[in-house]
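*Asks:* This is the structure, below, for whatever I ask next.
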């Protein structure tokens, strides 16, 4: 049987990245093998790579097991209640969740734009002991799960805000650190973040770059104040999501 590496485990659910030219039903035998080898897996889903809609969500198809997409996902000592068909989820962001959280200093004011179900906000609150984390998202499901996860992790210095990050941010105090994990809106987010970041503060900006050579170098050319860059993931041939740390 052909094996594919693109598998994510979300709680008790396995998600298979659907290879080009394949259909969800083509993965049924593979799904059976996964559930046989890993009895804790209760459901298997397939996912197409492209995202769509206002909330940048992939298309998912149920393949086998319980027809359920809601679960508890554990990462870096935190628990997250989520439905991956309704909120953006990628385990490839796990490294950045931890890296950024470790950089947070006690007493900071943080703004997390496009916060989703809350992983950047909640882990930063747990590890860094900031004063407040303003956590904004326009997706009503993300807002719901974010509130649930604040309770689940007892991170009550995270302030959930429902609405458009580009508008809600103007009502907030200036921040020591701003996290913007929406590569498709990087340019607009950066311009707004510059208006709300304190002098010497840090902007963590996710950008989308098309490059056949060095995506990080290309990204840093666009944002000359960046002092650190790293490829987060490849989204298409020669197209990458890159994280930049930028000092205001």
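In our numbering, the protein residues as written are 21 to 268.
Built from N, CA and C at the ideal position, the CB exists for glycine as well.
None of the values given here were measured: they were computed from a predicted structure.
#1: Whose CA, out of 234, 156, 170, 98, lies closest to the CA of residue 254?
#2: For the region 68-156, which segments carrying the beta strand (DSSP E) assignment without a break, of at least 3 residues, lie completely within its bounds, in sequence order?
#3: Compute the Euclidean distance between the alpha carbons of residue 263 and residue 216, then round it to the nearest angstrom.
#4: Please classify residue 163: does DSSP put it in a helix, a strand, or coil?
#5: Out of 173, 202, 112, which one is the CA nearest neighbour of residue 143?
#6: So, are the CB atoms of residue 101 and residue 137 less than 9 Å apart?
#7: At the level of alpha carbons, what is the spacing between residue 77 and residue 201?
#8: Where are the alpha helix (DSSP H) runs, 4 residues long or more, that stay fully inside the region 193-239, in chain order?
#9: Let me check understanding here. Comparing Cα to Cα, which of 122, 67, 30, 107 lies closest to residue 95?
#10: Short of 6 Å in beta carbon distance, which residues of its chain neighbour residue 188, apart from the five on each side in sequence? Order them along the chain.
#11: Measuring CB to CB, does residue 209 end up less than 9 Å from residue 185?
#12: I want to know whether the region 116-133 touches the region 145-152 - three or more CB-CB distances under 8 Å.
#13: Going by DSSP, what residues sit across from residue 260 in a beta bridge?
#14: Within 10 angstroms of its Cβ, does residue 353 collect 16 or more other Cβ (buried), or is it exposed?
#15: With residue 85 and residue 122 assumed to form a contact (beta carbons below 8 Å), what rounded beta-carbon distance in angstroms separates them?
#16: Under a three-way DSSP split, which group does residue 61 fall into?
#17: Given that a residue counts as buried once 16 or more other Cβ atoms are within 10 Å of its Cβ, and exposed if not, what is residue 36?
#18: Once DSSP output is grouped into helix, strand and coil, what is the label at residue 243?
#19: So residue 236 and residue 251 are supposed to be a Cβ contact under 8 Å. How far apart are they, rounded?
#20: Looking only at its own chain, which residues have a Cβ that is under 6 Å from the Cβ of residue 231, when we skip the five neighbours before and after it?
#21: Can you find the residues in the same chain that come closer than 6 Å, C-beta to C-beta, to residue 75, ignoring five residues on each side of it along the sequence?
#22: Please report the straight-line C-alpha distance between residue 153 and residue 224, rounded to a whole angstrom.
#23: Kindly indicate which three-state DSSP category residue 39 falls into: helix, strand or coil?
*Replies:* Let's see:
#1: 234
#2: 77-85, 90-95, 98-103, 129-132
#3: Going by the C-alpha atoms only, they are around 19 Å apart.
#4: Three-state DSSP puts residue 163 in a helix.
#5: 173
#6: When the beta-carbon positions are compared, residue 101 and residue 137 come within less than 9 Å of each other.
#7: 14 Å
#8: 206-216
#9: The shortest Cα separation from residue 95 among 122, 67, 30, 107 belongs to 30.
#10: 156, 181
#11: Cβ atoms of residue 209 and residue 185: closer than 9 Å.
#12: In the pairwise beta carbon analysis, the region 116-133 is classified as touching the region 145-152: at least three pairs are separated by under 8 Å.
#13: For residue 260, which the question treats as bridged, DSSP gives the partners 229, 254.
#14: Because the chain here runs from 21 to 268, residue 353 falls outside it and cannot be looked at.
#15: That belief does not hold up - the Cβ atoms of residue 85 and residue 122 are roughly 36 Å apart, past 8 Å.
#16: coil
#17: buried
#18: coil
#19: The Cβ separation is near 6 Å, so the contact holds.
#20: 238
#21: 159
#22: 14 Å
#23: coil
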